[in-house]
Amino acid sequence: MKFTAIKDFQRKMVRLVRIGPDSSISKNVDRFKLSSLATNHVLKESGLTTTEEFKNILDKCLNVQQFLKKNLGHRYFYRNEMREDILLARSNVICTHVKQLCQPSNHGSPQKV
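Numbering (UniProt numbering), first residue to last: 1 to 113.
Shown next, in the form of C-alpha cells:
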C-alpha cells in the first residue's frame with residue numbers, strides 16, 4: 001500500500017478531535033483535544049478575551065478554565081458541554097486510545113464500550 005502526502009486543500013477539510021483522559025493525551029496533540037477545543041470556543045464566544053483580567057492570566061500562564069468558570073459561573077459547564085457536542089458532530093476524524101475502547105469486563109474478556 002502506498003501512502004501519499006495530503007494536499008493542502010485536503011488538510012483543511014480534516015476536522016480532527018482527540019478524546020480521552022488528559023493523562024493519556026500527549027502535549028503534542030493538545031490542540032486537537034476535545035476539552036481544549038471546546039474551552040477555546042467558549043472563550044471566543046464569551047467575548048472575555050479583550051478584558052484586562054484575561055491578559056493577566058495569559059501573562060502568568062494561569063488556567064483559562066478557572067477564568068471561565070469564575071466569569072461565567074454555571075453557564076460555563078452548559079456552554080462547554082454544548083460546544084463539545086457540536087465539535088464531535090462536525091468532526092470527521094475522532095481519535096482515541098485503543099485501551100479505552102476495550103476495557104476488561106468482570107469476566108476477563110474484552111468488552112466494547
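Beta carbons: idealized from backbone N, C-alpha and C, even for Gly.
- In the structure shown, K33 falls within a strand segment according to DSSP collapsed to helix, strand and coil.
- Residue state for R15 is assigned as coil, using DSSP reduced to three classes.
- DSSP, read as helix, strand or coil, puts I86 in helix.
- With a cutoff of 9 Å on beta-carbon distance, S91 and L16 are scored as near each other.
- Closest by C-alpha distance to Q65, out of M82, A38 and L88, is A38.
- For K27, there is no enclosing alpha helix (DSSP H), as DSSP marks it with neither H nor E.
- Under the 10 Å beta carbon count, N28 is surrounded by fewer than 16 other beta carbons and is classified as exposed.
- For the options L34, T50 and D8, the alpha carbon positioned closest to that of N80 is the one of L34.
- Per DSSP, the continuous alpha helix (DSSP H) segment holding K69 begins and ends at V64 to L72.
- Partner residues in the beta bridge of V93, as assigned by DSSP, are L16.
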